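Taking it in order: structure first as structure tokens, then the write-up.
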Amino acid sequence: MKKWGKKCVLVALLMSLLLLVAGCGARTAVPPAKEDGAATLRPLRIAYQGLTCEAPTYIAYEKGFFAEEGFAVEMVKGDFNFIRDSFAAGRIDAVAGLALTWIKPLEQGVNAKVTAALHKGCLYAYTLADSGIEKVEDLKGKRIGVPAIGGAPMMLLARDLAVKGIDMKEVEWRAFPVAELELALDKGEVDAVAVGEPFGTTFALNLAKFRVLLNQSIHAPYHAEYCCLWLIDGDLVENEPEVAAAITRAVLRAAQYVEDNPVEVGALIVEKGFVLGTAELNGQILEALEFVPSVAGAREALLISFEAGKEIGVIDTDTDVVALTDRAFIQLPGLQ
4 MKKWGKKCVL VALLMSLLLL VAGCGARTAV PPAKEDGAAT LRPLRIAYQG LTCEAPTYIA
64 YEKGFFAEEG FAVEMVKGDF NFIRDSFAAG RIDAVAGLAL TWIKPLEQGV NAKVTAALHK
124 GCLYAYTLAD SGIEKVEDLK GKRIGVPAIG GAPMMLLARD LAVKGIDMKE VEWRAFPVAE
184 LELALDKGEV DAVAVGEPFG TTFALNLAKF RVLLNQSIHA PYHAEYCCLW LIDGDLVENE
244 PEVAAAITRA VLRAAQYVED NPVEVGALIV EKGFVLGTAE LNGQILEALE FVPSVAGARE
304 ALLISFEAGK EIGVIDTDTD VVALTDRAFI QLPGLQ
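In our numbering, each residue's number is its place in the sequence shown (first place is 1) plus 3.
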């Protein structure tokens with residue numbers, strides 16, 4: 004009996020080891036469901052950078068919209084490079100992201116699908132009021148500070164330069180930590196800056212010092228275009244489209260909540276530590292942005308962004324942007 008018992012233990016250990024090894028080779032974007040009280044909630048990892056315009060992500064989490072769709076969400080903070088790489092490794096499941104930032108990774112085959120558009124108008128370009136620079140055309144040959152080379156603020160300004168006949172190579176792009184861009188202007192290290200929120204609104208509140216060169220929320224044709232999209236892990240979308248639809252549904256609902264309650268949301272996201280700045284400032288930012296959640300708008304925004312990327316040389320000249328848009332965007336079941 005003792006020998007038989009030892010054999011049973013050995014067999015059990017071997018079976019456990021085989022299951023463990025098999026599991027190590029599997030790539031599961033969303034882990035199995037777990038119990039949360041009486042309800043079974045499925046774990047979900049949502050990434051964010053800490054930007055005001057990511058408010059729908061924060062609200063879907065804090066107001067329980069993700070939970071109502073059946074998810075127990077873990078919020079994962081990181082910069083763009085971390086988030087992009089995490090999609091490839093299956094470490095996150097969804098994120099809100101700026102269209103112009105994601106066009107190159109999507110062209111290169113990052114494992115993500117765009118399922119919705121969330122809002123319009125959060126990118127800007129400024130110079131000092133006494134710089135002598137009065138319009139975007141005056142930036143030819145100048146030094147422009149940006150938070151990141153290839154980031155959305157840089158891409159929008161490069162696009163506007165191209166419209167005005169100036170190649171993006173005819174200016175000098177300099178990257179600084181975003182909080183140091185104003186200092187770079189003050190010290191004369193750059194002649195202008197391209198920024199997102201909250202710095203866009205912060206500078207706009209001090210027009211005695213700054214001059215607006217480009218404001219995505221009011222300058223045509225950019226004011227009518229979505230800038231922020233919703234992306235979901237590609238394997239999750241392919242294998243479980245209904246789950247991906249539920250995730251998207253929660254964030255679409257949250258985007259509408261932000262549109263309807265910007266002041267409340269501004270206070271909440273500061274209180275919960277998602278963003279920097281005051282409740283008042285973040286409320287002003289959200290009031291200025293246009294949150295119009297849309298599925299069809301996501302495809303349109305992608306196509307516009309891919310075409311713009313091709314015009315400024317970020318997207319390869321031989322890339323079929325329509326085919327690329329169709330590959331990157333997906334219409335999920337039950338969503339309009």
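Each residue gets a CB set at the ideal place from its N, CA and C atoms; glycine is no exception.
As the structure is a computational prediction, the values presented were derived from the model and not from experiment.
Reduced DSSP secondary structure (H/G/I, E/B, other) of Cys125: coil
Continuous beta strand (DSSP E) stretch holding Leu232: start and end: 229–236
Helix, strand or coil at Gln339 according to DSSP, with G and I counted as helix: coil
Lys10 in three-state terms, based on DSSP: Because Lys10 carries a pLDDT of 39, less than 50, the predicted location of this residue cannot be relied on, and the following value inherits that uncertainty. Lys10: helix per DSSP, three-state reduction.
Rounded separation between Pro265 and Asp163 - CA only: 29 Å
Reduced DSSP secondary structure (H/G/I, E/B, other) of Pro244: The three-state reading of DSSP puts Pro244 in helix, counting H, G and I together.
Helix, strand or coil at Phe179 [DSSP, three-state]: coil
Leu44 in three-state terms, based on DSSP: strand
Cβ neighbours of Ala120 in the same chain (closer than 6 Å, five flanking residues each side left out): Tyr229, Leu232, Ser297, Gly300, Ala301, Ala304
Cβ separation of Cys56 and Leu292, assumed to be a contact under 8 Å, to the nearest whole Å: Contact flag correct, Cβ pair sits at about 6 Å.
Residues sharing a beta bridge with Lys80, DSSP: Bridge partners of Lys80: Tyr51.
Phe277 (DSSP reduced to helix, strand or coil): coil
Ala299 CB to nearest heavy atom of the ligand SAH below 7 Å: By its list of ligands, the structure shown contains no ligand whatsoever, and the ligand SAH lies outside what it can speak to.
Secondary structure of Val325, DSSP reduced to three states: helix
Alpha-carbon to alpha-carbon, Lys275 and Val117: Val117 and Lys275: Cα-Cα distance of roughly 27 Å.
Touching by the beta-carbon criterion (3+ pairs, under 8 Å), the stretch 319–327 and the stretch 136–156: no
Own chain residues within Cβ distance below 6 Å of Ile86, not counting five before or after: Ala50, Val98, listed in sequence order.
Presumed contact (8 Å Cβ cut-off) between Ala187 and Val193, rounded CB distance: 5 Å
Arg214, DSSP secondary structure in three states: strand
Integer-rounded CB distance, given that Ile106 should sit under 8 Å from Phe309: 6 Å
Beta-carbon spacing of Leu289, Gly316 below 8 Å: no
Inter-residue Cα distance where the pair is Asp82 and Gln52: 6 Å
Short CB-CB distance (under 8 Å) between Ile318 and chain C: No chain C is present in this structure, which holds just one protein chain.
Close Cβ partners of Leu280 (< 6 Å) along its chain, the five nearest in sequence each way excluded: It should be pointed out that residue 280 corresponds to Gly in this sequence rather than to Leu. Same-chain partners within the cutoff: Pro201.
Same chain, Cβ closer than 7 Å to Gly73, five either side skipped, listed in chain order: Leu44, Arg45, Ala249
Alpha carbon of Pro244 to alpha carbon of Asp96, nearest angstrom: 13 Å
Extent of the continuous beta strand (DSSP E) to which Ser308 belongs: For Ser308, there is no enclosing beta strand (DSSP E); the enclosing alpha helix (DSSP H) covers residues 299–314.
Residue environment, Gln287, which counts as buried when at least 16 other CB atoms sit within 10 Å: In summary, Gln287 is buried, with 16 or more beta-carbon neighbours lying within 10 Å of its beta-carbon over all protein chains present.
Nearest-angstrom Cα separation, counted from Asp263 out to Ala223: 25 Å
Helix, strand or coil at Leu101 [DSSP, three-state]: strand
Val24 to Gly67 span [Cα, whole Å]: Here Val24 scores only 34 on pLDDT, less than 50, and its place in the model should not be relied on; the value that follows carries that caveat. Taking the straight line joining both Cα atoms gives about 36 Å.
Buried versus exposed, by CB contacts within 10 Å (16 or more), Cys11: Legend: pLDDT at Cys11 = 41, less than 50; position of this residue unreliable, value from coordinates given subsequently. So Cys11 counts as exposed.
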